[in-house]
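Under our numbering, think of the first position of the sequence shown as 6, with each following residue one higher. Ideal Cβ positions, reconstructed from N, Cα and C, are used throughout, including at glycine. Remember, it's a predicted structure, so these values are computed and weren't measured experimentally.
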Amino acid sequence: MVKMIPAYRSPATPEMVEMSGLVAMKIIKHCQEESHAADVQGVILGMLNMQTKRLEVTNCYPVPRHTDDDDTDDDYGLLMMKHLRNVNVDQLHVGWYQCSPFGSSLNKLESVDLQHMNQNAVEESVTIMYDPIRTQRGFLSLRAYRLTSVALALCKEGEFTIETLQKHNMSFDKFFEEIPIVIKNSSLTNLLVCEMQKHLAPDEGKQFLDMGTITSLEKSAYSLTKCVEEATRWAHYQRNLLAKQQQVQRDNANRVARGEPPLTEEEVNKIVRPVAPLQRLEASLNYSQTLNYCEQSSTLATETIAKNFLYRSLQPNQTAAAKAADQKQK
């Protein structure tokens, strides 16, 4: 789950993302063309309006496939900025976008590291997550996220121990904050859309009763099951770790009672392997992703149930068996 916009915000923090229709179409087109790839990413360009606190996203471009040569990616970005500046197009980087089915790419270490670097370089930077599966089902899914100030402080320290988490009052639902997105077109584009609607066939509204969300609900529930299994394994590991720590404490107490020195730190580490900071961070991100899948599954289930009842009420010849089944369920 992502955290909504807090009350206190720095002067360079956007309160809303205003995206042009051209950018939305370019992002969708890029993700559809590269749907077979695992990492589909690009850079969004624009400017922050300091008066309205709106991040105006006016253009974007895709980045090449991930390679081991980081210098190549840097040269590509500088070359793109030069060409865009020559044609008088906004070339200021304000974030990046990524193809993320069901938001699966958001709560990952790579996404956290990339957003941390972007926000350090450009304070108003955001990440746009595009969900191709929900979009194919008729629900345009473009969501903007930023790292919270607490998550930024932890990333700068580079330590995710229990002490630092308690110091910053950090929990798994405070890593990202969501920024609302508004798609805005120019007046000429709106006139063109109105003109094109006259030549389109009349819409009969059948798509509103499409039960295609069931497939999305199944995939969301499957992803939720995997996250729950990972959370269960982490909880089991934590219980075993606690049991070993208690056993070491009892052994030390017995050694002291016998007049022997307690176990050294090296001997304790051989028995109880300490938890790596990244392990704790991955567990927290997994909890956040689990809550995100729960919210998505709840939304999809609500839509499917509502369509199901509406669809049944429109059937003129409902069989007696179906009516009896409904009465039995009630």
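Sequence-distant residues of its chain with Cβ nearer than 7 Å to residue i (five each side left out)
i, result
"Asn190", "Ser25, Gly26"
"Ser293", "Met6, Asn112, Phe177, Asp178, Phe180"
"Ala29", "Leu147, Ile188"
"Ala156", "Lys179, Phe180"
"Ala236", "Asn291, Tyr292, Thr295"
"Thr337", "For the chain, the structure presents residues 6 to 335; residue 337 sits outside this window and is missing."
"Glu61", "Glu23, Gly51, Met52, Asn54"
Beta carbon of residue i nearer than 8 Å to that of residue j
i, j, result
"Arg59", "Met21", "yes"
"Val45", "His35", "yes"
"Ser105", "Tyr135", "yes"
"Ser221", "Arg317", "no"
Chain-order list of residues whose beta-carbon lies under 8 Å from that of residue i (same chain, five-residue window excluded)
i, result
"Gln116", "Reading off the sequence shown, one finds Ser at residue 116, where the question assumed Gln. Gln103, Ser110, Thr132, listed in sequence order."
"Val253", "Leu268, Val273, Ile276, Val277"
"Thr306", "It should be noted that the sequence gives Ala, not Thr, for residue 306. These residues qualify, in order along the chain: Leu222."
"Arg260", "Pro266, Pro267, Leu268"
Residue i to residue j span [Cα, whole Å]
i, j, result
"Tyr150", "Ala262", "56 Å"
"Thr153", "Lys203", "46 Å"
"His241", "Tyr298", "22 Å"
"Thr63", "Glu39", "22 Å"
"Met175", "Ser303", "26 Å"
"Val99", "Glu308", "34 Å"
"Gln96", "Leu229", "39 Å"
"His121", "Pro185", "20 Å"
"Asn91", "Leu53", "21 Å"
"Gln284", "Gln171", "17 Å"
"Thr194", "Glu182", "31 Å"
"Thr57", "Glu129", "13 Å"
"Lys8", "Glu234", "Caution is warranted here: a pLDDT of 38 is assigned to Lys8, below 50, making its placement in the model unreliable, and no coordinate value can be reported."
"Arg244", "Asn125", "37 Å"
"Ala258", "Leu246", "19 Å"
"Leu114", "Tyr227", "22 Å"
"Glu300", "Ser225", "10 Å"
"Ser192", "Met201", "14 Å"
"Val127", "Leu196", "35 Å"
"Gly264", "His173", "41 Å"
"His41", "Asp256", "55 Å"
"Glu271", "Gln37", "53 Å"
"Asn313", "Val198", "33 Å"
"Asn123", "Ala248", "41 Å"
Candidates the options, of which the one nearest residue i by Cα
i, options, result
"Ile33", "Leu50, Pro137, Asp95", "Pro137"
"Ser289", "Leu145, Leu83, Ile167", "Ile167"
"Ile219", "Lys161, Glu162, Arg142", "Arg142"
"Leu343", "Phe107, Glu200, Asn313", "Residue 343 is absent from the structure shown; the chain starts at 6 and stops at 335."
"Asn93", "Glu265, Leu50, Ala158", "Leu50"
"Lys31", "Gly82, Trp101, His41, Leu83", "Trp101"
Interface flag, residue i vs chain D, CB-CB below 8 Å
i, result
"Leu247", "Looking at the structure shown, chain D is missing, and only one protein chain is on hand."
Cut-off 6 Å between Cβ atoms - residues of its own chain near residue i, not counting five sequence neighbours on either side
i, result
"Cys160", "His121"
"Met86", "Gln96"
"Trp239", "Ala288"
"Arg14", "The predicted position of Arg14 is uncertain, since its pLDDT is 46 and thus under 50; a value taken from the coordinates is nonetheless stated next. Cβ within range, chain order: n/a, list empty."
Continuous alpha helix (DSSP H) assignments of at least 4 residues falling wholly in the stretch 130-193: 137-141, 154-162, 167-172
Secondary structure, beta strand (DSSP E): runs of 3+ residues fully inside the stretch 51-106: 59-67, 98-104
Ordered list of alpha helix (DSSP H) runs contained in the stretch 217-267, each at least 4 residues: 218-262
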